[in-house]
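Undergrad: In my numbering, the protein residues as written are -6 to 64.
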């Protein structure tokens, strides 16, 4: 087993993420969470518009070593 981070995305109070949105690195997962929340256009660019009713965060989880992970 290994520790990974599951990206959770909530829109208007409803979870829209799936259980396969797994990252091997907490910092990479947090980059995606932040980009989703603030509507970033890309790396090192300012936000386009503030997202409303959208939140995202990373949740620690253990999975088997052969599980596909985003890096």
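Ideal Cβ positions, reconstructed from N, Cα and C, are used throughout, including at glycine.
1. Determine the contact status of residue 18 and residue -1, defining contact as a CB-CB distance below 9 Å.
2. Rounded to a whole number of angstroms, what is the C-alpha to C-alpha distance between residue 26 and residue 61?
3. Measure the Cβ-Cβ separation of residue 55 and residue -6 and say whether it is below 9 Å.
4. For residue 27, does the three-state DSSP call read helix, strand or coil?
5. As a quick exercise: from -3, 16, -4, 24, pick the residue whose alpha carbon is nearest that of residue 48.
TA: With the structure as the only source:
1. no
2. 19 Å
3. yes
4. helix
5. 24
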